[in-house]
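K.L.:
105 is the number that the UniProt record's numbering gives to position 105 of the sequence shown; each next residue is one higher, with no gaps.
Sharing a structure, written as structure tokens. Questions coming.
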Amino acid sequence: MSGTGDHSLARGLTPGEGVPFDDRGLAYGDGLFETVLVRDGVPQLWERHLGRLARVAAALGFPLPERETLEALPARAGEGLAVLKLVLTRGSGGRGYLAPEAPEPRLRWQVLPFSPDPARWWQGVAVRHCRLRLAVQPALAGLKHLNRLENVLARGEWRDPEVAEGLLCDAEGRLVEATCMNVFWWSDGGWQTPRLEGCGVAGTLREALLARGGIREVTAGPEVLDRVEALCLGNSVQGLWPVTRLDDTEGRPLARWTPTERHRTLQAEAHGLLGYPLQPDD
């Protein structure tokens, strides 16, 4: 099953109605979004998604819909695997960049069937470094807001279908994330992931794995990846991908890996949180 819908905290919208021209999300990226894996109507990592929604809304300064409104949406996915996307903007109003004193946020949602690519789980993926550098803005660090133009530009740096993702550093040269996934590597006897104090999205799968212990947040430059024992990318929709090749910004190989037990152990932990297979035969 798939579908779309609209909802306003203060006024109803006709289903299928387009976003008004003066919507602040459209005009300024003034809003937030979530993408949630839904299995047979049950949202995975749901409390962490709701928690992040609340944190972003609080940081931006406008209210969330009632919880029962949000709770009703995953069931619309029906049977099978689907992705629920929620987009919440501040709504309309205000004067230019000055937001309205009493915002009336506007919620839009969409549910679409989803099929992950198992080959990326078991065979691994190739990734590359991106030339683009993320702006440092601590007030927005970790938040999944609508201003994602940097990610769009970074994703436009390659067209090679064999390259699954691009790695991003910030303007000060610190490794941050991939264009739509978080980064994990094994070094110095344990798993590490970039500290997200200046920019980047704190993914819900990353959050869940950090809460279990065994992964350490660090500050590091991209050169750290040239000598790590294992490298993975992950998010709450795709699961965890082992990285088998890392290229520079021109597409020249820098390092290669073969998936090992280290990759599989972290992958099993991540997939256990999402209901994905723990091994190829599952």
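All C-beta atoms in this analysis are idealised placements derived from N, C-alpha and C, irrespective of residue type, glycine included.
Taking the alpha carbon of L196 as the reference point, which residue from M181, G190, G25 and G189 has its own alpha carbon closest?
P.N.:
M181
K.L.:
Using the three-state DSSP reduction, which class does G190 fall into: helix, strand or coil?
P.N.:
strand
K.L.:
Would you mind giving the Cβ-Cβ distance between G41 and A75, rounded to the nearest angstrom? I have them listed as a contact below 8 Å.
P.N.:
5 Å
K.L.:
Look at the alpha carbon of E217 and the alpha carbon of T193, and state the distance between them as a whole number of angstroms.
P.N.:
5 Å
K.L.:
Going by Cα to Cα distance, which pick from D282, R256, R131 and A255 is closest to A268?
P.N.:
D282
K.L.:
Between which two residues does the beta strand (DSSP E) carrying L149 extend?
P.N.:
Counting along the chain, L149 falls outside any beta strand (DSSP E), though it belongs to the alpha helix (DSSP H) covering L149 to R155.
K.L.:
Can the beta-carbon of R206 be found less than 8 Å from the beta-carbon of E229?
P.N.:
no
K.L.:
Does the Cβ of P116 lie closer than 7 Å to at least one heavy atom of the ligand MG?
P.N.:
You won't find the ligand MG in this model; it holds no ligand whatsoever.
K.L.:
Hey, would you say R106 sits closer than 8 Å to D160, going by beta carbons?
P.N.:
no
K.L.:
Starting from P63, follow the alpha helix (DSSP H) in both directions and report where the run begins and ends.
P.N.:
Boundaries for P63: no alpha helix (DSSP H) harbours it, and the DSSP string shows neither H nor E there.
K.L.:
Just how far apart, CA to CA, sit L149 and R256?
P.N.:
30 Å
K.L.:
Taking V19 as the reference, give the member of G91, I215, R52 and R67 with the closest Cα.
P.N.:
G91
K.L.:
Can you pull the DSSP bridge partners for V183?
P.N.:
Secondary-structure assignment with DSSP links V183 through a beta bridge to L233.
K.L.:
Suppose the cutoff is 8 Å on Cβ atoms and the five residues either side in sequence are ignored; what does the same chain contact list for R212 look like?
P.N.:
E269
K.L.:
Alpha carbon to alpha carbon, how far is Q137 from L273? Give it in angstroms, no decimals.
P.N.:
30 Å
K.L.:
Of the choices A102, R55, G51 and S115, whose alpha-carbon is the least far from that of G80?
P.N.:
S115
K.L.:
Can you grab the Cα-Cα spacing for the pair P253 / D247, in whole Å?
P.N.:
4 Å
K.L.:
Look up L143 in the DSSP assignment and say whether it is helix, strand or coil.
P.N.:
coil
K.L.:
Taking the C-alpha atoms as reference points, what is the distance between E172 and V111?
P.N.:
38 Å
K.L.:
In the DSSP output, what is E250 paired with across the bridge?
P.N.:
Paired residue(s): none; E250 is not in a bridge.
K.L.:
Please report the Cβ distance between L84 and V36, rounded to the nearest whole angstrom; I am assuming they are in contact, meaning their Cβ atoms lie under 8 Å.
P.N.:
4 Å
K.L.:
Among residues of its own chain, excluding the 5 on either side of A10, which ones have a beta-carbon nearer than 6 Å to its beta-carbon?
P.N.:
In this predicted model, A10 has a pLDDT of only 33, less than 50, meaning its place in the structure is not dependable; the value taken from the coordinates is given anyway. So the qualifying residues of the chain are E104.
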